[in-house]
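Quick note: the sequence shown uses our numbering, first residue 382, plus one each step.
Below is one structure, written out as structure tokens; comments come after it.
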Amino acid sequence: MANGGARRIAFTQSANSFTPSEEIPIGSIIIFKHKSTGAVAHIAIYAGAYNGKHFVTHVGNARGPEISTVEGMSKGDYPETVTQVIVPAVSEPVGTVSVFKTDENGVPLANAEFIVKSADDPNRMYRIGTTDRDGKAKLSMGLTYGRYIVSEVKFPDGYTYSGQTEYPINICDETQFITVRAVNKLKSSRLKVIKADSETGQTVKGVTGFKIRNAKTGEESEIYYTDESGTLTLPNEITYGSYELIEVAPPNGYVLNTTPVVFSIDGDKPEVVIKLSDNPKKGRISVLKTGEMFSSVKEENGIYTPVYSERGLKGAEFEVTAAEDIYTADGTLRISKGALADTLVTDESGEAESKELYPGKYLLREISAPDGFMLDTEVKELTVTAGIKKIEVKNERKKQEFKLKKELETDRKFGIGLNGEILNIRFGLFSKTELTALDGSIIPADGLIEVATPDEDGFICFAADMPYNAECYIKELETDEHYILSNEQYLSGDTVKNKIIRGSIEGLKTDPNGRVLKGAVIGLFYPFETEFSSDTAIETFETDEAGRFSFENVPYGDWIIRELKAPDGYILSDENYTVTVKENGETVKLNIKNSKIPEPPSAPESPKTGDTVNLLIPLITLFTAFGAIIYLSKKLKKRGYINE
């Protein structure tokens, strides 16, 4: 280009501004060079100033002519700087006009309609036409010299003017081809996002993160965040088109909404309000109820023992109540303190799960225990968050106590029941009915469960751990030899009394010829007695007219019968008779014989005169015998065999 008549305009430039020393005429030449290399980057045509920015038209790349700001060309990946601003000297041609229609990004726009009219005579108006898909339209005729105004009279769908709708031009040379670059911007609206609770519709306080995706291009925006009030008006308007609002970070206490909210911007409203709803987070309480179940049977040496193992328990019932007033972030009171939130009943596996609960503190209380188990009275506080809160609750089995009181008849006279006899007793605990464990093993009816011995006070407490519903009875297996064994079946808590085995001893006192003897005193003695007298005898009995004696209610065992006083004229027997009582009601019979005391010989007849010698011999014999009798009598008296 010839430089004749051209002039330069001074300017200042920084990283973000371009300030000429005077107004730059449209059509002036602006030369840009690369900052890094100093090579010429663009020779641009000054297109005018708008809103403090200076625009140029240039050929950028394969897209063709572009319009840019001077400031914008100084940034980006390949920054440029202005080196010269030249105002050329031009002639005033007669020519034609064309239009190049783009959006703000330089993308050509079709279907925009333009006219051109004389600036001096508005009645001189010509239709340029409608831009094609390349954004171009050309006046089909030439224009005479003069000033003209190019006007956009119809915008492409979704677009509106960008700063201006009229473009003044000046036709000065018939060979000059004027291209008016008309920029449209997409219609736009402000976008306000409100975070709402999906159940109540109330605004949720707290920060929510979201981004916007262009439904046509798939391009996504940066992430925006609502403020603490739960709302946000975007700093920049959203241009015409279809979009999706995508949540990336939910507010505290809410579940991320993964379903995009579809909306459109048509520019008809200055502000579009979108409610982005979230479901409040909820959790569940999962209860596992366990306890010992009768699972098997162990048998050893004829004794059956139930075996228990931990299993899930069916039929436990729980109440879930709020431990506090529970609110969600939208300020809604969801459940009041103390209110019933849910009721749970465990299934076959011992499990139960609540319905969805709002996050907060709850109380879990067992209100009904499974059959055979103790109610767990502990109230458990649980904090519910998102997901499942698991808790295991163990129930103690109801257990039976089997006990008995044993009382023994005592007989102080005979010394029975006072020598630890109670420790010789054995009782058995038996199952009254057949019991079947979970594995199919059984305790048979009348099966022996345990053998136990009373303590010194007669109390028995079986240690057997039987199922709570098992019917059992207690039976005496062994007793002390002095007592009658009971064959009865007893229930827990009964008192069992044992009677002493007792019999009777009946005797007959006779002489060797079988003649019954009255008046003999017979004594009953302990088997260990060595001194036999009325003082040491347990009982004494004097024989009656029939020579009979008896001892009644004599306890089980060995006893000694001995004569303490002989009938008159009879020698006292020094023999110990051992008798044994074995069976209750038994009668032991005994015969004790006494020998008569020998009688002294009769006195001899008086001797006749003349028979002195014959009489002396019998007399001497008589005195000798009498002396012997006296000696024997004294000896027997001394031994106690003859009473005075």
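Ideal placement from N, C-alpha and C gives every residue a C-beta, glycine not left out.
These numbers come from a predicted model, not from an experiment.
Between the CA atoms of residue j and residue i - distance to the nearest angstrom
i	j	result
residue 581	residue 716	14 Å
residue 621	residue 537	12 Å
residue 867	residue 808	10 Å
residue 858	residue 673	31 Å
residue 756	residue 811	28 Å
residue 940	residue 843	37 Å
residue 411	residue 615	37 Å
residue 599	residue 627	12 Å
residue 926	residue 974	15 Å
residue 788	residue 876	7 Å
residue 472	residue 552	Note that residue 472 scores 47 on pLDDT, short of 50, meaning its location in the model is unreliable and no value can be drawn from it.
residue 954	residue 879	38 Å
residue 394	residue 402	11 Å
residue 899	residue 928	5 Å
residue 910	residue 897	28 Å
residue 806	residue 835	7 Å
residue 994	residue 982	Its pLDDT being 46, under 50, residue 994 is placed unreliably by the model, and nothing is read from it.
residue 912	residue 860	32 Å
residue 1076	residue 601	Given a span of 382 to 1025 for the chain in the structure shown, any question on residue 1076 remains unanswerable.
Within 9 Å, strictly: CB atoms of residue i and residue j
i	j	result
residue 546	residue 533	yes
residue 636	residue 617	no
residue 705	residue 753	no
residue 923	residue 930	yes
residue 697	residue 749	yes
residue 570	residue 647	yes
residue 489	residue 516	yes
residue 370	residue 882	The chain is shown from 382 up to 1025; residue 370 falls before or after that span and cannot be answered.
residue 572	residue 655	yes
residue 625	residue 641	yes
residue 815	residue 670	no
residue 832	residue 887	no
residue 482	residue 512	yes
residue 468	residue 405	yes
residue 765	residue 664	yes
7 Å Cβ shell around residue i - same chain, five flanking residues per side excluded
i	result
residue 428	407, 436, 437, 438, 448, 562
residue 722	701, 702, 703, 716, 738, 743
residue 1065	Residue 1065 lies beyond the range of the chain shown here (382 to 1025); nothing can be said about it.
residue 550	478, 529, 531, 559, 561
residue 854	811, 813, 870, 871, 872
residue 416	460, 461, 462
Best match in the options for proximity to residue i [C-alpha to C-alpha]
i	options	result
residue 824	727, 872, 718, 677	677
residue 683	961, 979, 830	830
residue 419	759, 461, 880	461
residue 494	411, 923, 479	479
residue 528	517, 841, 497, 543	497
residue 514	844, 521, 484	484
residue 751	776, 833, 770	776
residue 388	415, 465, 458, 424	465
residue 962	782, 506, 795	795
residue 943	822, 972, 800, 482	972
residue 434	440, 417, 445, 455	455
Other residues of its chain near residue i: CB distance less than 8 Å, five sequence neighbours each side excluded
i	result
residue 720	702, 703
residue 603	592
residue 431	544, 545
residue 610	584, 586
residue 863	797, 798, 802, 881, 882, 936, 937, 938
residue 414	420, 421, 422, 461, 462, 464
residue 779	753, 754, 755, 849
residue 921	902, 903, 904, 905, 915, 945
residue 612	573, 574, 575, 576, 584
Bridge partner(s) assigned by DSSP for residue i
i	result
residue 792	797
residue 511	494
residue 674	690
residue 814	Looking at the DSSP assignment, residue 814 forms no beta bridge with any residue, so it has no partner.
residue 476	524
residue 484	565
Same chain only: Cβ atoms within 6 Å of residue i, ignoring 5 sequence neighbours per side
i	result
residue 396	none
residue 540	565, 567
residue 946	902
residue 761	745
residue 951	975, 977
residue 638	628, 659
residue 606	588, 590
residue 477	520, 523
residue 667	734, 769, 771
residue 732	669
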